[in-house]
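Take a look at the structure below.
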Amino acid sequence: MAASIHGQWSSRWAFILAATGSAVGLGNIWRFPYMVGENGGGAFVLVYLVCVAVIGIPIMMAEVLLGRRGRMSPIQTMGALARIEGTSPSWSLIGWMGMLAGFLILSYYSVIAGWTVAYVFRSASGGLDLITKDGAGAMFGALVSDPEKLLAWHTIFMVMTVIVSARGVQHGLEKAVRFLMPALFILLLVLVGYAMNAGDFARGVEFMFHADFSKITAGAVLDAMGQAFFSLSLGMGAIMMYGSYLPQDSSISTTTATIALADTAVAVLAGLAIFPIVFAFGLEVNAGPSLIFQTLPIAFGQMPGGAFFGTLFFVLLVFAAWTSAISLLEPAVAWLVEKRGWTRIMAAAWAGIVAWALGIVTLLSFSSWDFSFHFFGSQKSNGLFTIFEILTNNIMLPLGGILIAVFAGWKMASAHTREELAIGNDFGYALWVTLTRFVAPALVFLIFLNLFGVLDWLLG
Ligand code: TRP
3 MAASIHGQWS SRWAFILAAT GSAVGLGNIW RFPYMVGENG GGAFVLVYLV
53 CVAVIGIPIM MAEVLLGRRG RMSPIQTMGA LARIEGTSPS WSLIGWMGML
103 AGFLILSYYS VIAGWTVAYV FRSASGGLDL ITKDGAGAMF GALVSDPEKL
153 LAWHTIFMVM TVIVSARGVQ HGLEKAVRFL MPALFILLLV LVGYAMNAGD
203 FARGVEFMFH ADFSKITAGA VLDAMGQAFF SLSLGMGAIM MYGSYLPQDS
253 SISTTTATIA LADTAVAVLA GLAIFPIVFA FGLEVNAGPS LIFQTLPIAF
303 GQMPGGAFFG TLFFVLLVFA AWTSAISLLE PAVAWLVEKR GWTRIMAAAW
353 AGIVAWALGI VTLLSFSSWD FSFHFFGSQK SNGLFTIFEI LTNNIMLPLG
403 GILIAVFAGW KMASAHTREE LAIGNDFGYA LWVTLTRFVA PALVFLIFLN
453 LFGVLDWLLG
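Heads up: the sequence shown begins at 3 in this note's numbering, then just goes up one per residue.
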């Protein structure tokens, strides 16, 4: 099919960088470590890696494939492909649910990214120098209990997102990721180096890679799967959208594998940087969303040149979050341009305003609206923010993922998927078909059932 009306990546590498920019973000550096901490370490990491390999990668290939075949926003792409394949137009529901999930995720993503922006300044002004464990806790507490400040940072981040989004595919998105991704990777290596010297590295490694399955619950398995979807940006059409800008002659399987590998490497490195510090300084592994903001300031506060490295790190994290946030907005922006005929600027601005307003819910979830609740046997806090997280990452994204896999695996003619994937060998294609038709949807389904206790009841 011809290129998308919204433009096209200048090359295969541009796509890899942009999709990696989407995948690598707060999910890897902020969320992955605290999820590992809350769910007991190694066993969670192992389940996570399995989810990436057997659910994430095949579904990512399916998303890119659908996007490139449809060449439009997910809603329109799914409608058009359903027509071509002669099935129900309701498949465009994938696009609608994805757009909703995108708004919900971006609303809280921007608030957390706002914290990161705030820490750039705290670090640059020397505020982290020789900070103690209690000092770091107090600094974080003071930030999140000040809604006006949070609103300011959240607004700044959302405006940044809208600006790049308004500039369009090649000018906005591509330029931003080209240098920032490699820089972030190198700085993470520096942090891991610090953790090796100053942290309790052996204990950190043991915590992350020694799988103790007695700690794994149905909720933890669901969290691991949800985190895999979130971290790879799957299940809501962001990768489908980016796939629609992919030149026809680029291989989907090798690009996808590169993206998934880079994303996983960054998450593991982030864990290796953070847990040794957690143990060396006697911090709580299950501190939740505040984890990196309680640990990294201590590391930067103690290391030589810490103010410099700290500032650089938070700047790069802001950039990583930025390139992810743009992808959360992209399906909605493209749809508004296609369907409503708006300019990109109008579309980006209005989509940004909606997500910004929704963000107020998260902003208050850490102070006046904070409440605790029970979710399938575990105690959760931070009220509506946590409910948004569960609803999007643990429910909407995996559900979107199942639907994408079923559509690509069952509803599309295999001549079409085979042509689009253009995998040279038969084995490779057969593997993808098997994973997409059976393994991925069945696993997601089983994990849902497990959560509702149905498996225990059946087997018990
Ligand atoms: N993957 C990003 C991260 O890890 C977040 C993100 C960007 C995302 N686009 C997405 C999550 C689409 C789910 C769906 O920070």
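In this text, a Cβ means the ideal position worked out from N, Cα and C, and glycines have one as well.
Here the structure is a predicted model, which is why all the values come from computation and not from measurement.
- For Val441, the closest alpha carbon among the candidates Val119, Val161 and Ala55 is that of Ala55.
- Counted as a single uninterrupted DSSP element, the beta strand (DSSP E) harbouring Lys382 occupies residues Ser380 to Lys382.
- Taking the Cα of Phe450 as reference, the smallest distance to any Cα among Ala415, Ile404 and Ala417 is reached at Ile404.
- Annotation for Ser147: Ser369 place their beta carbon closer than 6 Å to its own, counting only its chain and skipping 5 residues before and after.
- Note on geometry: alpha-carbon atoms of Ile362 and Ala350 lie some 19 Å from one another.
- In this structure, Ala197 places its C-beta atom within 8 Å of the C-beta atom of Leu274.
- Under DSSP, Phe377 shares a beta bridge with Ser380.
- Taking the Cβ of Leu330 as the reference point, at least one heavy atom of ligand 1 falls within a distance shorter than 7 Å.
- In this structure, DSSP gives Ser6 an extended state, which the three-state scheme calls strand.
- Rounded to the nearest whole angstrom, the C-alpha separation of Trp344 and Arg14 is 29 Å.
- Proximity to Ala115 across Gly303, Met99, Gly72 and Phe159 peaks at Phe159, based on C-alpha coordinates.
- Between Ala262 and Ile59 the beta-carbon gap is near 5 Å, inside 8 Å, which marks them as a contact.
- Set against 7 Å, the gap from the CB of Met238 to the closest heavy atom of ligand 1 is smaller.
- Under the three-state reduction of DSSP, Asp251 is assigned to coil, being neither helix nor strand.
- When only Cα atoms are considered, Gly97 and Ser75 end up about 8 Å apart.
- Segment contact: the stretch 224 to 231 against the stretch 34 to 47, three or more CB-CB distances shorter than 8 Å; contact assigned.
- Remark: the C-beta of Ile294 is outside contact range of ligand 1, defined as less than 7 Å to any heavy atom.
- Remark: fewer than three beta-carbon pairs, one from each stretch, lie closer than 8 Å, so the stretch 386 to 399 and the stretch 239 to 255 are not flagged as touching.
- Proximity to Met62 across Asn452, Leu445, Thr438 and Glu176 peaks at Thr438, based on C-alpha coordinates.
- Ala55: not part of any alpha helix (DSSP H); DSSP gives it neither H nor E.
- Taking C-beta separations shorter than 7 Å and ignoring five residues to either side along the sequence, the partners of Ala264 in its chain run Thr22 and Val26, following chain order.
- Rounded to the nearest angstrom, the gap between the Cα atoms of Leu293 and Gly379 is 22 Å.
- Set against 7 Å, the gap from the CB of Ser326 to the closest heavy atom of ligand 1 is smaller.
- Three or more beta-carbon pairs drawn from the stretch 64 to 84 and the stretch 326 to 337 are found closer than 8 Å, and the two stretches are therefore classed as touching.
- Membership of Ile188 in the alpha helix (DSSP H) is indicated by the continuous run Lys177 to Ala200.
- In terms of side-chain proximity, the C-beta atom of Ala264 is found no nearer than 7 Å to any non-hydrogen atom of ligand 1.
- Buried is the label assigned to Glu176, since at least 16 other Cβ atoms lie within 10 Å of its Cβ.
- Your pair Lys382 and Phe375 checks out as a contact, with CB atoms roughly 6 Å apart and the cut at 8 Å.
- Classified as buried, Val320 has 16 or more neighbouring CB atoms from the shown chains inside 10 Å of its CB.
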